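Chains as they are written, first to last, in full-length UniProt numbering: chain A, 1 to 259; chain B, 1 to 516.
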């Protein structure tokens, strides 16, 4: 194991994760206005309506697959009676399906971005860097899944990559596990680290804004113009200036508004 | 009873000459920025016509507004909450810019920089989206004064339910102008469709706004609004809409569109309403009953019970006085001549319209009648199905009787005032026909015809004691920085706290020039 290995598999992951966390805190604090999907559907809808759901559903499947493969130790699945072969077949089936969706979706969306002049013009440098890295991550991942595990002899990443990955989070880095991993998986992991480091500075932040709260919110949202800071007395507890009020249905907030 | 106050507008369509001053002044004030070139918070349509964006009234296509489900409960036409979240990746009901129009500017620079040549240089139209040469084939008022109507206007969704075919030959057709802004609905579909909770209705005055800092660009408001009055800023990727010029309202001034209207056709004032009754009213089974249901949601500001209930929830005295003098309340509830635009969308819109009598008067004159004689006009209103049915499909969910009643009232007012001015006589028969008193008739005339500034706009200023809060909110408004949202210049230190105390970064790069 050389210094390069330590830099790649111990230093880099921590740098990337630190940038990921600190970057998100900074962006959230500083740039609520820029925190958006940057939708381009008004500029071009036909390709997007095909490509975007394919890509997003495929990516969600891939994320679920990664969570299973990387976070669940092999001993656990074996303990519940899932043999290595069964696991391999399951992971491969899901992985190939996700790969097809992601690749088709990504190709459609990238083509759209290049071919359609309106969308091309809204693409800034950060977007371009993001698409480059994202394409790299996906390409290495797909080549690894399809090339190595489906067509090739197969590679049991749960003995090496997964253990290394979990080690990073336990603050027990084990870079030696990654040294003999096939190149394509190494590249997949490295490009993913770069992606994590870029994440907070790109439009990817929209991932954290999945509006699940919408499912249980009253339809009509009312807000008071006036911050409800009591001006008199000890009860001066300040509330957010423009908080969303609760209540059901069409109920506006209670309480005096003008005094 | 939960009393709330709402600033509302009425437009008297008979007075609209289609000059677009409101649109232009609004655009200069609010949407003269990159990303919203195609956006008109206020636009003026010629009706019949397909409108802006194209055929926006076709809810079979766009799925805007509300419908009643099998159990008679209100549901957004585009589907329930889960369905909406599932369509986040691609909104099936979102219009594209081609449904509005591709904004363009002219390459005027060529006119002065072109080298000497045999031909006069020409300023070519360039797309504001791509910078490429383009042919201008549509615009926000492409159908102005029925331009191209024989070709386009038959596609107007309002014509679908008419019993007679509308003719678009020059001599046989009719037209009027329809200025449109956001309706600031009591039951807003855009707010209800916003997954982020970024859109809200102000509790004090009912203005519907988008919180630019909380909008995440899911674009459900655009498709949710049946009037298509929420727009995507294609540069910031966030929603923007008519603000009802809230900074002006707070200062007691009318909106820019109202202030600058040369025809003086807009009225602004308060309406008190019972917020607890909105949901039930919007769920009225028969669309034809929605108009009356909405009128019943409004509360009489003279009623002592209403006043005490309003005071108890903190609506101040001067607001209640303004509500009593409100021209909007008078036109809607007392004279009952103002009607809501497409009540069948069930959003309970708060910009209402006095239907135009002019299409009927034109036909009376054309048939050799006397357009000043109420009897001739009454007969025309009764006989002519086309203008009345058309107006009904626009303003009363298809109920022609309602529109005919309003038009007759307007015709009666003309006849009554004509007699009063000519020989001072009082036309008792016209008063009896409309069921109005002499005082009411003349007050209505003054409000509609004389239309003094202080009678048209009765807007109580926001309260002094809230001034600090208001200014802090103004600072939070993303629209007032240099060049608009995200395009302000200036230094942005790493903490993001600017000299004015706001927090923010310029995210959007102008054509790859500046970094984010």
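We treat Cβ as the ideally placed atom computed from N, Cα and C, and that holds for glycine.
Everything numeric in this text was worked out from a predicted model, so none of it was measured.
Proximity winner among the options, relative to residue i (alpha-carbon distances)
i, options, result
"residue 3 of chain A", "A/176, A/35, A/101", "A/176"
"residue 163 of chain B", "B/406, B/434, B/400", "B/400"
"residue 42 of chain B", "B/407, B/376, B/193, B/266", "B/266"
"residue 291 of chain B", "B/453, B/344, B/251", "B/344"
"residue 255 of chain B", "B/12, B/23, B/85", "B/23"
"residue 276 of chain B", "B/286, B/289, B/296, B/259", "B/296"
"residue 109 of chain B", "B/100, B/124, B/270, B/306", "B/124"
"residue 113 of chain A", "A/128, A/104, A/100, A/103", "A/128"
"residue 151 of chain A", "A/89, A/168, A/117", "A/89"
"residue 39 of chain A", "B/251, B/205, B/97, B/422", "B/97"
"residue 166 of chain A", "A/13, A/5, A/6", "A/13"
"residue 107 of chain A", "A/52, A/17, A/174, A/215", "A/52"
"residue 139 of chain B", "B/75, B/279, B/178, B/53", "B/53"
"residue 461 of chain B", "B/249, B/225, B/231", "B/249"
"residue 202 of chain B", "A/225, A/122, A/206", "A/225"
"residue 359 of chain B", "B/25, B/27, B/47, B/19", "B/47"
"residue 5 of chain B", "B/436, B/321, B/338, B/394", "B/321"
"residue 30 of chain B", "B/398, B/244, B/370", "B/244"
"residue 261 of chain A", "A/193, A/103, A/60", "One cannot answer for residue 261 of chain A here, as it falls past the ends of chain A, which runs 1 to 259."
"residue 118 of chain A", "A/6, A/86, A/45, A/64", "A/45"
"residue 213 of chain B", "A/158, A/120, A/29, A/142", "A/29"
"residue 242 of chain B", "B/273, B/278, B/274, B/200", "B/200"
"residue 14 of chain B", "B/370, B/391, B/422, B/189", "B/391"
"residue 433 of chain B", "B/443, B/450, B/303, B/406", "B/406"
"residue 172 of chain B", "B/149, B/223, B/9", "B/149"
"residue 142 of chain B", "B/103, B/126, B/187, B/302", "B/103"
"residue 305 of chain B", "B/69, B/330, B/273, B/331", "B/273"
"residue 289 of chain B", "B/398, B/408, B/84", "B/398"
Residues near residue i by beta carbon distance below 8 Å, same chain, minus five either side
i, result
"residue 363 of chain B", "174, 380, 384, 387"
"residue 375 of chain B", "none"
"residue 23 of chain A", "197, 199, 200, 201"
"residue 11 of chain B", "179, 265, 266, 267, 351, 352, 353, 354"
"residue 16 of chain B", "44, 176, 177, 178, 179, 263, 265, 356"
Nearest-angstrom Cβ-Cβ length linking residue i and residue j, presumed shorter than 8 Å
i, j, result
"residue 198 of chain B", "residue 3 of chain B", "Going by Cβ atoms, the distance from residue 198 of chain B to residue 3 of chain B rounds to 27 Å, so no, they are not a contact pair."
"residue 237 of chain B", "residue 37 of chain A", "6 Å"
"residue 128 of chain B", "residue 37 of chain B", "5 Å"
"residue 218 of chain B", "residue 299 of chain B", "Incorrect: roughly 35 Å between the Cβ atoms, too far for contact."
"residue 316 of chain B", "residue 65 of chain B", "Between residue 65 of chain B and residue 316 of chain B the Cβ distance is about 34 Å, and since that is not below 8 Å, they are no contact."
"residue 17 of chain A", "residue 58 of chain A", "Their Cβ separation, rounded to whole angstroms, is 25 Å, which puts residue 17 of chain A and residue 58 of chain A out of contact at 8 Å."
"residue 93 of chain B", "residue 63 of chain B", "5 Å"
"residue 524 of chain B", "residue 215 of chain B", "Because residue 524 of chain B is not part of the residues shown, which for chain B are 1 to 516, the question remains open."
"residue 410 of chain B", "residue 158 of chain B", "Rounded, the Cβ-Cβ distance is 21 Å, inconsistent with contact."
Contacting residues, own chain, Cβ-Cβ under 6 Å from residue i (five flanking each side not counted)
i, result
"residue 293 of chain B", "281, 284"
"residue 349 of chain B", "183, 185, 340, 341"
"residue 144 of chain A", "184, 185, 188"
Contact set for residue i: own chain, Cβ-Cβ below 7 Å, skip 5 residues either direction
i, result
"residue 417 of chain B", "445"
"residue 149 of chain A", "92, 155"
"residue 441 of chain B", "413, 416, 431"
"residue 19 of chain A", "197"
"residue 438 of chain B", "426, 431"
"residue 314 of chain B", "none"
Any non-hydrogen atom of the ligand NAP within 6 Å of residue i CB
i, result
"residue 197 of chain B", "What this structure holds is no ligand at all, so the ligand NAP is not there to describe."
Interface flag, residue i vs chain D, CB-CB below 7 Å
i, result
"residue 217 of chain B", "Given the protein chain composition of this structure (A and B), no chain D is represented."
Scan the region 294-311 of chain B for residues whose Cβ lies nearer than 9 Å to a Cβ of chain A and list them as they occur along the chain.
-> none
What residues in the region 196-208 of chain A have a beta carbon less than 7 Å from any beta carbon of chain B?
-> 206
Quick one: which residues of the region 67-84 of chain B get their C-beta closer than 9 Å to a C-beta of chain A? List them in chain order.
-> 74, 76, 81, 82, 84
Entirely within the region 75-112 of chain A and at least 4 residues each: give me those alpha helix (DSSP H) ranges in chain order.
-> none
Taking only beta carbons into account, state which residues of the region 14-46 of chain A come closer than 9 Å to chain B, listed in chain order.
-> 26, 27, 29, 30, 31, 32, 33, 34, 35, 36, 37, 38, 39, 40, 41, 42, 43, 44, 45, 46
Just by C-beta distance, which residues in the region 101-112 of chain A are closer than 7 Å to chain B?
-> none
Report the residues of the region 366-382 of chain B with a CB closer than 7 Å to any CB of chain A, ordered along the chain.
-> none
Listed from N- to C-terminal order along the chain, which residues in the region 89-101 of chain B have their beta-carbon within a distance smaller than 8 Å of any beta-carbon of chain A?
-> 89, 90, 91, 92, 94, 95, 96, 97
Could you give the uninterrupted runs of the alpha helix (DSSP H) lying entirely in the region 315-364 of chain B, keeping only those of 4 residues or more?
-> 317-324
At a Cβ cut of 7 Å, what residues of the region 46-75 of chain A count as close to chain B, listed as they run along the chain?
-> 48, 49, 52, 53, 56
Complete alpha helix (DSSP H) runs within the region 118-182 of chain B (minimum length 4 residues, chain order) = 149-152
Curious, which full-length alpha helix (DSSP H) runs of at least 4 residues does the region 36-78 of chain B contain?
-> 59-62
Can you list the beta strand (DSSP E) stretches of 3 or more residues lying completely in the region 362-406 of chain B, in chain order?
-> none
Segments assigned alpha helix (DSSP H), at least 4 residues, entirely inside the region 155-179 of chain A = 161-169
Return the residues of the region 125-146 of chain A that lie within a Cβ-Cβ distance of less than 8 Å from chain B, sorted by chain order.
-> 125, 126
Going along the chain, which unbroken runs of the alpha helix (DSSP H) with 4 or more residues stay wholly within the region 8-39 of chain A?
-> 12-30
Along the chain, which unbroken stretches of the beta strand (DSSP E) at least 3 residues long are found entirely within the region 248-323 of chain B?
-> 266-274
Would you list, in sequence order, the uninterrupted alpha helix (DSSP H) runs of no fewer than 4 residues that lie entirely inside the UniProt domain "4Fe-4S ferredoxin-type" (7-36) of chain B?
-> 21-30
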